[in-house]
Structure formats: C-alpha cells, structure tokens
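Its first residue numbered -1, the sequence shown is counted upward by one per residue in my numbering. We put the beta carbon where it would ideally sit given N, CA and C, even for glycine.
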Amino acid sequence: MTVPDYNPARENPHHLPRKTFTQYSAELDREMPVARWGDFGVPVLLFPTAGGDYLECERFLMIRALSPLIAARRICVFACASISGDGWMNGEAHPGHRAWLQELFDRYLARTLLPAIRAECGGYPTVIGAGSSLGAYNAVNAACRHPDSFSKVIAMSGTFDFDKWQTKWPSYTPGRDQTYYFHQPLRFLPGLRGTLLDRLRNVEFLVATGQGRWEEPAQSERLARTLRTLGVPVKLDLWGHDCDHDWPTWRTMLPMFLDHLVD
C-alpha cells in the first residue's frame, strides 16, 4: 500500500481545542503532562516515539489526521509524556537503571494516569492503547502488564527487542534482571500463565508495520506469533516496501484502524 502525501498546510476544519493538565508522579518524582483532544468517545491513549513528548502527536499532525473521528465524538485522544530519554534511549545509563525507570513509569501509568482517564471518561473502564516505534512498545508492554485497563492495542512499526542495545555492558545479563525481564514482552510473554493470561486474552492486538526504510518487520512478526501462540487475539498487518518507519505511514494507519475498531 502506498502512503499518500500529507499536506501540512491543510487547514483543520474542526478547530479542535486541546486541554492540557499535569499530574505529579510520586514514583518518578516529577510532573507528567498530559494532553487531551475531544470531549466524548472511546478513550485512546497515545504513547510518544523514542524522542517524543506529550505534544509530539500534534506537531507531527497525527491529531489533524484523527480530527474527523474526534469531531464525530467517536474517540477522545489522550497523549502522555515519556521517560524514554532518561530510560531506554539513554545509552550512557546502565540497562538495569533503564529498566528500573520503565518500572516507575509503569507504576505511574497504573496508579495515576489510567485512573485519571477513567475518571474523565465515565462509562469507559478501558482505553485503546496506541503508539509507533517505541510508543508501540509502551502500548504493548502496558497492556500485557495491565490487561484489565485496555480493550485494544494498536502497535505500529514497533521496537520490541532491546537486547541489542545492551552491547556496551558485556557483563550485564538481561535474563537475570527480573525488572528488565518483565518489561520485555518478547521475553516474559512465552511463560505467561494463569489469571493474567486469561485477562490478556480479552485484549485485541493490531500489530502493523511497513517494510520500507528504517523498518524492522521481523520484530512485529515475532510479537504477533508470540501472542497468537498464547491464544491472544492478534492481527498482523504488513504494509509495503514504500511504507517507511515515519509519520506519513502512521498518520495513514491509525485513523484507518480506529475507524474500523470503534463504533
């Protein structure tokens, strides 16, 4: 499938207002900003890419692409901040420290952000988690750890194999670090059993990736196989070699997927 050109000068016909608020995370000991677009509809939580912040999706015109669904009150979009710059993307930090920061971020999601979204969107006990690149990882990781809070996950061009980033630390053994292990879905999912797995089987996953520049479709394929083996509902959607690991691809994917997934 060819990704069409996206004209950044096109006016947003809906003039969607943005609401922003800040939450203090005791776990991370920092203020965590959140943005919201829309006043009604299925809540969608967008996770930023590796270097992104909570307004990244607006700057890169994703909100404009989603504006028909938001204006029709079919979805309400929340975008959260990220700790990836201090965590997984900080090549100077020890892998164990990066994993610990991810654990703190996970606690913030479970204890602060997700309850706040539920409070703002009465009647919707779950959200749709979505993200691209490292944002896809965060959506998948959060849903696998807290499946009762998610109805669906849309993971686009995901980065799921972090072991290759640990070569600077040859003495570090990821499999022996429980915090690292349990924040790597490709590691902990194959051994998942019991109640958590039963709950995860109620979450629908859509794993999509292009095959163009900078893409690594094998990671998405591996995740889809792992979920399918566990009996978790998953659809793998492979796009063409003209679909790059970049915003034009994701701006085409996400509105189309959400249009099919929400009433």
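- Taking the Cβ atoms as the reference, residue 160 lies roughly 24 angstroms from residue 125, outside the contact range of under 8 angstroms.
- With fewer than 16 other Cβ atoms from the protein chains shown falling within 10 Å of its own Cβ, residue 200 counts as exposed.
- Put simply, the stretch 215 to 222 does not touch the stretch 243 to 260. Fewer than three CB pairs are less than 8 angstroms apart.
- Collapsing the DSSP output to three states places residue 22 in a strand.
- Comparing alpha carbon positions, the residue from 80, 213, 94, 57 closest to residue 26 is 80.
- Under the three-state reduction of DSSP, residue 17 is assigned to strand.
- When C-alpha distances from residue 181 are compared across 86, 242, 127, 75, the shortest belongs to 86.
- For residue 23, same chain residues with a beta-carbon under 7 angstroms away, outside a window of 5 residues either side, are 30, 106, 110 in chain order.
- Annotation for residue 102: 25, 26 place their beta carbon closer than 7 angstroms to its own, counting only its chain and skipping 5 residues before and after.
- Within the same chain, Cβ atoms closer than 6 angstroms to the Cβ of residue 129 are found at 45, 136, 137, the five residues on either side in sequence being excluded.
- Rounded to the nearest whole angstrom, the C-alpha separation of residue 141 and residue 83 is 22 angstroms.
- Between residue 198 and residue 224, the beta carbon gap of about 11 angstroms keeps them out of contact (Cβ cut-off 8 angstroms).
- Among the bridge pairs identified by DSSP, residue 126 is matched with 42, 150.
- Taking C-beta separations shorter than 8 angstroms and ignoring five residues to either side along the sequence, the partners of residue 213 in its chain run 155, 207, 241, 242, 243, following chain order.
- Looking at the DSSP output, residue 235 bridges to 206.
- Going by C-alpha positions, residue 70 is about 21 angstroms away from residue 117.
- The straight-line gap separating the alpha-carbon atoms of residue 185 and residue 210 is approximately 26 angstroms.
- Sequence-distant partners of residue 34 (beyond 5 residues in either direction) whose C-beta falls short of 6 angstroms from its own C-beta, in its chain, are 17, 76.
- The criterion of a C-beta distance shorter than 8 angstroms is not satisfied by residue 97 and residue 170.
- Sorting 38, 256, 168 by C-alpha distance to the C-alpha of residue 119 places 38 at the top.
- Rounded to the nearest whole angstrom, the CA to CA distance from residue 229 to residue 196 is 9 angstroms.
- DSSP lists 17, 76 as the bridge partner or partners of residue 34.
- Residue 89 has its alpha-carbon roughly 24 angstroms from the corresponding atom of residue 53.
- In the three-state reduction of the DSSP assignment, residue 29 falls in the strand class.
- If you ignore the 5 residues before and after residue 94, its C-beta comes within less than 6 angstroms of the C-beta of 175, all in its own chain and listed in chain order.
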